[in-house]
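Written out below as structure tokens is the structure these notes cover.
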Amino acid sequence: MARKLIAVIPGDGIGPEVIAQAVRLIERRKLPLDLWHLDLGADRYLKDGTTFPKDVADRIRNEASAVLLGALGDPRVPKLEHARDILFGLRFGFDLYANIRPVKALSDRVVPLKGRTKKDVDLVVFRENTEGLYVNMGGQFKRGTPDEIAINEDVNTRKGVERLIRAGFEHAKRRGKKTVHMADKSNAMAHAHELWHRVFFEVAKDYPGIEPKHVYVDALCLYMVQDPSPIEVVVTCNLFGDIVTDLGAALQGGLGVASSANVHASDPARVAMFEPVHGSAPPLAGKDLANPIASFLTVGMMLTHLGFPDEERRIEAACAKALDEAQCTRDVGGTLGTRAAADYILAQL
Ligand SMILES: NC(=O)c1ccc[n+]([C@@H]2O[C@H](COP(=O)([O-])OP(=O)(O)OC[C@H]3O[C@@H](n4cnc5c(N)ncnc54)[C@H](O)[C@@H]3O)[C@@H](O)[C@H]2O)c1
């Protein structure tokens, strides 16, 4: 297999701490991969104003197979200009329309639901990643006055909705799943989510063995807490996907163990971006408290994408063992620091 290039952006806060461990993991596997370390994030922005230069974006697009990102967000940059340029430059700029977020508990010990085990928490959310309320269209009028108005437009295109829904069904087909849920608010958002509703059932006709199930997103939150076991694949819009996957992260043990991929699903050869779901967690930064499992599982997703699915299975099994045996960080009931928790998992591999 030809060597593949991975661009690494550690980012801010705990990002560099967990990505340092992820890099150790990748280097130890001795795969035909080259790492390209990029100095981008709040420090760089504060030093010389650089956010996401065009030549870097072009090289990533043309030469890299994947981007591994830590997290972005720093209290010294209150408006998050750098984070927006980098994160949206990757997601929107490379048209990575499917944000795939597994909600899979690896150990009974971390499942917070009474009477439930890891078998009950195994679903995946396909979040639309390039449209919705996150396109930042809108404006403010009469700002700072008692009459002020603030508007954010919710953009939903037929193409954007259809391709995301199709990515969810394709995943269900590949993995032998029997159902796909589509979560919307078509009862209240009669235009945008009527489109989601209609397109969902149209696309479903191309997948006869898979039952399409519509659910309002508020009800989905209820079901995920009461009994997530019947839910296999969820497709939803950008905002709802963002929110339900934090709820999902809680079901699998917290943000410290939640991974994600950002892909242009209909063309796997395009560069894709992989990041833990969590943010930069400024209060944890520099204290050796960050859980490296989310970034390890994210590397697992990346390695499957790059053609090494056995690596993901191994990484997942090693993380599961660490969680079962409480050889992990405090957020998941252990006592270890970031590096020691990573050492334990690396030793299992
Ligand atoms: N994709 C991204 O880069 C991304 C995603 C979310 C938030 N952010 C940014 O991160 C900053 C902080 O945001 P936030 O506090 O809302 O979310 P956060 O994910 O950083 O933290 C939320 C909670 O989860 C815990 N947590 C997160 N990751 C953890 C880990 N690896 N180990 C142990 N505990 C962990 C934190 O302690 C905190 O209690 C903000 O600037 C925000 O904009 C960035």
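Take the sequence shown: its letter number 237 is residue 236 in numbering that gives the first Met the number 0, and every next letter is one higher. Every residue, glycine too, gets a C-beta built ideally from N, C-alpha and C.
Go ahead and label residue i buried or exposed: buried means 16 or more other beta carbons lie within 10 angstroms of its beta carbon, across all protein chains shown.
{"i": "residue 322", "result": "buried"}
{"i": "residue 187", "result": "exposed"}
{"i": "residue 75", "result": "exposed"}
{"i": "residue 190", "result": "exposed"}
{"i": "residue 225", "result": "exposed"}
{"i": "residue 45", "result": "exposed"}
{"i": "residue 200", "result": "exposed"}
{"i": "residue 27", "result": "exposed"}
{"i": "residue 312", "result": "exposed"}
{"i": "residue 48", "result": "exposed"}
{"i": "residue 57", "result": "exposed"}
{"i": "residue 208", "result": "exposed"}
{"i": "residue 164", "result": "buried"}
{"i": "residue 135", "result": "exposed"}
{"i": "residue 349", "result": "Outside the displayed span of the chain (0 to 348) sits residue 349, for which this structure offers no information."}
{"i": "residue 126", "result": "buried"}
{"i": "residue 12", "result": "buried"}
{"i": "residue 253", "result": "buried"}
{"i": "residue 24", "result": "buried"}
{"i": "residue 242", "result": "exposed"}
How far does the alpha helix (DSSP H) with residue i in it reach, from first residue to last?
{"i": "residue 24", "result": "14 to 27"}
State the start and end residues of the unbroken beta strand (DSSP E) segment that holds residue i.
{"i": "residue 3", "result": "3 to 10"}
{"i": "residue 33", "result": "32 to 36"}
{"i": "residue 181", "result": "178 to 183"}
Only counting runs of 3 or more residues, tell me where the beta strand (DSSP E) segments fall wholly within the segment 235 to 276, in order along the chain.
Counting only runs of 3 or more, we get 258 to 262, 271 to 275.
**Request:** Take every Cβ of the segment 286 to 303, pair it with every Cβ of the segment 83 to 96, and state whether three or more of those distances are shorter than 8 Å.
**Result:** The segment 286 to 303 is not in contact with the segment 83 to 96.
- Query: What are the uninterrupted segments assigned as beta strand (DSSP E) that are 3 or more residues long and contained completely in the segment 138 to 164, given in chain order?
  - Reply: 148 to 151
*asked:* Give the list of continuous alpha helix (DSSP H) stretches no shorter than 4 residues that lie fully inside the segment 196 to 234.
replied: 216 to 225
Where in the segment 42 to 125 do unbroken runs of the beta strand (DSSP E), each at least 3 residues long, occur, reported from the N-terminal end onward? 65 to 70, 97 to 103
Entirely enclosed alpha helix (DSSP H) segments - the segment 275 to 344, minimum 4 residues: 292 to 304, 308 to 323
* To do: Take every Cβ of the segment 4 to 15, pair it with every Cβ of the segment 34 to 52, and state whether three or more of those distances are shorter than 8 Å.
  => yes
Query - Contact between the segment 255 to 274 and the segment 61 to 78 (3+ Cβ pairs under 8 Å) - result: yes
Per the contact definition of three or more C-beta pairs closer than 8 Å, is the segment 302 to 312 in contact with the segment 280 to 294?
no
Three Cβ pairs or more, each shorter than 8 Å: is that satisfied between the segment 159 to 171 and the segment 112 to 131?
yes
Check your understanding: Within the chosen definition, does the segment 140 to 150 reach the segment 166 to 185 through at least 3 CB pairs nearer than 8 Å?
Key -> Here the segment 140 to 150 does not lie against the segment 166 to 185, with fewer than 3 beta-carbon pairs under 8 Å apart.
Requested in this report: Taking 8 Å as the threshold, find out whether the segment 67 to 75 comes into contact with the segment 115 to 125 through three or more Cβ pairs.
Outcome: no
Checklist entry - Should the segment 98 to 114 be regarded as contacting the segment 316 to 334, the criterion being three or more beta carbon pairs within less than 8 Å? => result yes
If we count Cβ pairs, one from each stretch, closer than 8 Å, do we get three or more for the segment 203 to 217 versus the segment 79 to 87? no
**Message:** For the pair the segment 242 to 259 and the segment 96 to 104, tell me if three or more CB-CB distances fall below 8 Å.
**Reply:** yes
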